[in-house]
Structures are given as structure tokens and as C-alpha cells.
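The structure appears right after this line, and notes come after that.
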Amino acid sequence: MTDNKPVQIRMSDYPGKGNARNIWRITHDPLRSIEEGEVLVRLDYISIDPGMRGWITNKRSYMPPVKPGGVMRAFGMGEVLESRATGLAVGDQVTGFTGVQTHGVFKQESLRKIGLPGVSPHMFLSGLGMTGYTGYFGMTDIGQPQDGETVVVSAASGAVGSVAAQAAKLAGARVIGIAGGSDKCGYLTDELGLDAAIDYKNDDINAALSANCPDGIDLYFDNVGGDILSAVLNQMNYKGRIVVCGGISQYDDFASAAGPANFMTVVTHSLTMRGFTMRDYMHRVPEALEWLVPAWTEGRIKFREHIVEGIENFPDAFDMVFEGKNHGKLLLKIG
Ligand SMILES: NC(=O)c1ccc[n+]([C@@H]2O[C@H](COP(=O)([O-])OP(=O)(O)OC[C@H]3O[C@@H](n4cnc5c(N)ncnc54)[C@H](OP(=O)(O)O)[C@@H]3O)[C@@H](O)[C@H]2O)c1
Numbered sequence: 010m011t012d013n014k015p016v017q018i019r020m021s022d023y024p025g026k027g028n029a030r031n032i033w034r035i036t037h038d039p040l041r042s043i044e045e046g047e048v049l050v051r052l053d054y055i056s057i058d059p060g061m062r063g064w065i066t067n068k069r070s071y072m073p074p075v076k077p078g079g080v081m082r083a084f085g086m087g088e089v090l091e092s093r094a095t096g097l098a099v100g101d102q103v104t105g106f107t108g109v110q111t112h113g114v115f116k117q118e119s120l121r122k123i124g125l126p127g128v129s130p131h132m133f134l135s136g137l138g139m140t141g142y143t144g145y146f147g148m149t150d151i152g153q154p155q156d157g158e159t160v161v162v163s164a165a166s167g168a169v170g171s172v173a174a175q176a177a178k179l180a181g182a183r184v185i186g187i188a189g190g191s192d193k194c195g196y197l198t199d200e201l202g203l204d205a206a207i208d209y210k211n212d213d214i215n216a217a218l219s220a221n222c223p224d225g226i227d228l229y230f231d232n233v234g235g236d237i238l239s240a241v242l243n244q245m246n247y248k249g250r251i252v253v254c255g256g257i258s259q260y261d262d263f264a265s266a267a268g269p270a271n272f273m274t275v276v277t278h279s280l281t282m283r284g285f286t287m288r289d290y291m292h293r294v295p296e297a298l299e300w301l302v303p304a305w306t307e308g309r310i311k312f313r314e315h316i317v318e319g320i321e322n323f324p325d326a327f328d329m330v331f332e333g334k335n336h337g338k339l340l341l342k343i344g
């Protein structure tokens, strides 16, 4: 809250290419009273996700876009301040689609109670949250890396990519991460223990893939699409697999997004490409936590967070993921 008034970030209209910057409006609408089965929540953290660019694009997708004038959709976590719901009490920590706002009134079934002793609740928006589950299920359930295989992950130092890359490493694969800049690449090899890192902003991606994948690529976890997907396709092995998790390089202009010119490699090399969203796996979240929590507490995987403070800084934070200015799961601290 600013000056004790609730604050909301609203989308005024669908942005065109390159102008998502101009669509955000701050409002101070009062909250309505809670009804039976509802809770009032004070939001503490909001998750900033590349997928938000799809939510403000007026096109067919896995969920309807945000309506012009509506509060911007976001995952968030916070604390219950008032409750008329049997399953949630004052003081409970919760997560769900809360929107970008300081406070909200929610039906209890739209929220999930969170908490683990000794774990900061905002971890349930990062490594132990949606991006952690995405990296885990995408890599282990769809990709299924095998001992000794060569696995390539793009946006590898980010929230999803870092979990996917570490899951493949723990499965015994040789893992090459792709990221922008020497700092992120150093993090991949020195901190996360990947076998090699490719700086797509400064290296020749085709030459670097050849040098680092002398036996070809068995499995590619794609977060970016575009030119990097094309470069990887050129070096996929016969019957290789591609997990299509995202395509961030294409999100600013869905209307002219282009498929790879060498797409026929899927045919000539008998590749399997499979896309997914976390929606497919929501019923299996406990399974992800069973793997992620001990792997993290025992130091077998690392999570990195990047925290921006202040709801008024949402527009800057939103831009950061598309400019590569975040390093780790990007969170907006509200409270
Ligand atoms: N399928 C699902 O259910 C699901 C769920 C969550 C996320 N995702 C997808 O997973 C991907 C990663 O999301 P995240 O939350 O983990 O974000 P993140 O990786 O933490 O942050 C985004 C990163 O993407 C990289 N990037 C931005 N523009 C790029 C471009 N044009 N080409 C190559 N890399 C670019 C930047 O890193 P560099 O500095 O390395 O360029 C940036 O830091 C996104 O595509 C997202 O949509 C999918």
C-alpha cells in the first residue's frame, strides 16, 4: 500500500511490437469487503515472468488475455489479513494468480497455502515455485535425459533454465548452457557445474555448438526459439528430442514470429519436439516439491533470485526479462 491506499497495476491496452512500456497505469481503487469463502491478502512478492508478454497479447493461447483496464495478471504470494474461508486463517501464507497489486480479495480455492519450516515464503515463487516445477517436469518428464547424453539448455542461467540444466546434470548428462554474457556463462560453469557455456551474444553460436558438442546434441531444452533453435537443429542427433518450453526471442511480435528455416531437420533426423505448459502438470506439483526441496536443501541444486523493490517499478521489472537484465528468478517485492 502507498499512503495506506491499495495499489494496482493495470494494463490500459494491448501493446504493439516494442511498445509494452506505455501500457501500464497505476490505480488506487478501494478494496471491497470479503464475502463467505473469501480472504483478504496482503501481497508481499509478485513473480515477473516472460509469459506475461503473452497474457497482454490479444491472441488465442492457453488462457485468455488480460482485458484492457484489468489488473495485470501475475503469480504472487502474501499473507492472509482477513478470512471468511474455512481452509485459510489469518496469518497463513498463500500463493496463486494474485495480480500485480498490493492487496486483493480472493476465493479460497484460487489460492494455495504454502510454507516449509526455515524456508522464506517467496521461494514458492522461485525455485520451489512455478519456474522450478517447469524446469523439473520439462526436463525430467518430457526430456528424460540419460547418463552420458549431450543436453543443451537455452536461457540456462534463468529461473526455468537453471533448474532444467541442473536436473539434466544430476541425471548424468553432459550439459551445455546457452546464456547472454560472460557473467551468466561463468555462473553456469563455475557455480552450477555445467560442462560448458556458450555466450550467444558474443560467440558464433554454430561454431560454439560444434566445438562443445562433438558427438552432436541428443536433447535440447528450448526457452528462446528463433536463431538459437535454428542453430541447435543443425546439430541434433538422429532421434534426438527437443523440449519446447518457451520462445522468448519471439514474444515481442507474435504476429511475425517465424519458424526455423531448417525445420525439415525434424523429419530428416526423426526428431521428437514436444511443447508443454505447467498447466499440464499442476496436479503433480507435490511430486516436483518432493524432488526440489531435498535437492536444494542438500545442496545438489542452486536457485538464484533477482529482487526488484516497489510495485511502482513493475514496468522496469517487466522489461528486464526481455533485455536479459535479470539474473535468476525475477521477483517484485511489494511489502
Ligand atoms: N512452458 C511453461 O509452462 C513455462 C513456464 C515458465 C516459463 N516458461 C518459459 O521459459 C523461458 C524462461 O523463462 P524464465 O521465467 O526462466 O525467465 P528467465 O530465464 O529467468 O529470464 C528470461 C531470460 O531470457 C533470456 N532472453 C531474453 N531475450 C532473449 C532473446 N531474444 N534470445 C535469447 N535469450 C533471451 C535472458 O537471458 P540472457 O541474458 O541469457 O539472454 C533473460 O534473462 C521463457 O521462454 C518462458 O516463457 C515456460
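Residues in the sequence shown are numbered consecutively from 10, following the working numbering. A virtual CB, placed ideally from N, CA and C, is assigned to each residue, including glycine.
Under the assumption that T36 contacts R62 (Cβ atoms under 8 Å), give the Cβ distance between them as a whole number of angstroms.
As a first step, residue 36 must be located in the sequence shown, where it is residue number 27. As a first step, residue 62 must be located in the sequence shown, where it is residue number 53. About 22 Å separates the two Cβ atoms, so there is no contact after all.
Regarding M72 and ligand 1, is the C-beta to nearest heavy atom distance less than 8 Å?
Within the sequence shown, residue 72 is the residue found at index 63, counting from 1. No.
Answer yes or no: do V317 and I57 have a C-beta to C-beta separation smaller than 9 Å?
Walking along the sequence shown from the start, residue 317 turns up at place 308. Walking along the sequence shown from the start, residue 57 turns up at place 48. Taking 9 Å as the Cβ cut-off, V317 and I57 qualify as a contacting pair.
Cβ-based burial, E158 [other Cβ within 10 Å; buried from 16]:
The residue given as residue 158 occupies position 149 in the sequence shown. With 16 or more Cβ atoms within 10 Å of its Cβ, E158 is classed as buried.
Quick check on this structure: which residue in G337, F331, D213 and E118 has the alpha carbon closest to the alpha carbon of A29?
Taking the first residue of the sequence shown as position 1, residue 29 is located at position 20. The shortest C-alpha separation from A29 is found at F331.
Buried or exposed, going by whether 16 or more other CB atoms sit within 10 Å of the CB of A297?
Against the sequence shown, residue 297 aligns to sequence position 288. Label assigned to A297: buried.
Kindly list the residues whose CB is nearer than 6 Å to the CB of G333, restricted to its own chain and excluding five residues on each side of it in sequence; keep chain order.
Translated into positions along the sequence shown, residue 333 becomes position 324. Result list for G333: G189, in chain order.
V169 and T140: beta carbons closer than 9 Å?
Here residue 169 is taken as the residue at index 160 of the sequence shown, counted from 1. Here residue 140 is taken as the residue at index 131 of the sequence shown, counted from 1. Yes, these two residues count as a Cβ contact at 9 Å.
Check whether the Cβ of K311 lies closer than 8 Å to any heavy atom of ligand 1, and answer yes or no.
Walking along the sequence shown from the start, residue 311 turns up at place 302. No, since every heavy atom of ligand 1 falls outside the 8 Å radius drawn around the Cβ of K311.
Using the Cα positions of A177 and H112, report the straight-line distance between them to the nearest angstrom.
Position 168 of the sequence shown, counted from the start, is the residue given in the question as residue 177. Position 103 of the sequence shown, counted from the start, is the residue given in the question as residue 112. Each residue's alpha carbon lies about 39 Å from the other.
Endpoints, beta strand (DSSP E) assigned at F230
Translated into positions along the sequence shown, residue 230 becomes position 221. I226 to D231 is the extent of the beta strand (DSSP E) around F230.
With distances taken from CA atoms, which of V161, V103 and Q155 is nearest L134?
Numbered from 1 along the sequence shown, position 125 holds the residue referred to as residue 134. Comparing Cα positions, the closest option is V103.
For the region 87 to 115, list the beta strand (DSSP E) runs that are entirely contained and at least 3 residues long, ordered along the chain.
102 to 106
Does the distance from the CB of A174 to the CB of L197 come in under 9 Å?
Walking along the sequence shown from the start, residue 174 turns up at place 165. Walking along the sequence shown from the start, residue 197 turns up at place 188. Contact flag set, yes.
Would you check if there are 3 or more beta carbon pairs closer than 8 Å linking the region 275 to 287 to the region 244 to 259?
yes
Say yes only if the C-beta of D58 is nearer than 8 Å to one or more non-hydrogen atoms of ligand 2, and no if none qualify.
Looking for ligand 2 in the displayed structure turns up nothing; the ligands present are ligand 1.
Drop a sphere of 10 angstroms on the beta-carbon of Q244, count the other beta-carbons inside from all chains shown, and report buried for 16 or more, exposed for fewer.
Counting from 1 along the sequence shown, the entry for residue 244 is found at position 235. Counting Cβ neighbours within 10 Å, Q244 comes out buried, since at least 16 surround it.
Taking just the CA atoms, how far does I257 sit from I187?
Stepping through the sequence shown from its first residue, residue 187 is reached at position 178. Stepping through the sequence shown from its first residue, residue 257 is reached at position 248. If I take the Cα positions, the gap works out to 14 Å.
Can we count E45 as close to ligand 1, meaning its CB is less than 8 Å from some heavy atom?
Mapped onto the sequence shown, residue 45 falls at position 36. No, Cβ of E45 sits at least 8 Å from all heavy atoms of ligand 1.
To the nearest angstrom, how far is the alpha carbon of M10 from that of L339?
Locating residue 10 in the sequence shown gives position 1, counting from the first residue. Locating residue 339 in the sequence shown gives position 330, counting from the first residue. Unreliable placement is indicated for M10, whose pLDDT of 42 sits below 50; the coordinate value is still reported in the next sentence. Their backbone Cα atoms lie some 21 Å apart in a straight line.
Can you tell me where the beta strand (DSSP E) with R51 in it begins and where it stops?
Along the sequence shown, one-based indexing puts residue 51 at 42. Residues E47 to S56.
Given that a residue counts as buried once 16 or more other Cβ atoms are within 10 Å of its Cβ, and exposed if not, what is E47?
Mapped onto the sequence shown, residue 47 falls at position 38. By the neighbour-count rule (16 or more Cβ atoms within 10 Å), E47 is buried.
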